[in-house]
Amino acid sequence: MLAQGDYLIPIPGTKQRKYLEENVAALEVTLSAEELHALEAVFPASVTAGLRYPEELMKLLDR
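First residue of the sequence shown? That's 483 in the working numbering, and the numbers climb one at a time after it.
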């Protein structure tokens with residue numbers, strides 16, 4: 483995600499220290515341009531999939 487631009491800031495949520503450590507360790511991962519293009523082909527940034535909340539909770543929005 484960080485490779486997409488300086489305007490993006492990930493906000494990871496976690497309740498366990500081990501997951502926080504995993505998130506911090508991910509900062510050491512560097513993907514090549516080829517890998518980034520492959521990911522973009524599978525997961526286009528312009529496409530949203532699924533609902534924000536389960537269907538029953540969606541009915542409660544904007545009432």
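Backbone N, C-alpha and C fix where the C-beta goes; we use that ideal spot for every residue, glycine too.
Report the three-state DSSP secondary structure of Q498 (helix, strand or coil). One-based indexing of the sequence shown puts residue 498 at position 16. Coil.
CA-to-CA distance, R499 to L514, given in whole angstroms: To locate residue 514, count along the sequence shown from 1; it is residue 32. To locate residue 499, count along the sequence shown from 1; it is residue 17. Per the sequence shown, residue 514 should be read as Ser rather than Leu. So the two alpha carbons sit approximately 29 Å from each other.
Go through its chain and collect everything with a Cβ distance to M483's Cβ below 7 Å, but skip five positions before and after it. Sequence index remark: in the sequence shown, residue 483 carries index 1 (1-based). Closer than 7 Å at the Cβ level, and outside the excluded window around M483, lie L490 and P492.
Proximal residues to A527 (C-beta, below 8 Å), its chain only, five neighbours per side dropped: If you number the sequence shown from 1, residue 527 lands on position 45. Closer than 8 Å at the Cβ level, and outside the excluded window around A527, lie Q486.
Looking only at its own chain, which residues have a Cβ that is under 8 Å from the Cβ of L521, when we skip the five neighbours before and after it? For the purposes of this step, residue 521 is identified with residue 39 of the sequence shown, where counting begins at 1. For L521, where only same-chain residues beyond five positions count, the Cβ hits under 8 Å are L513.
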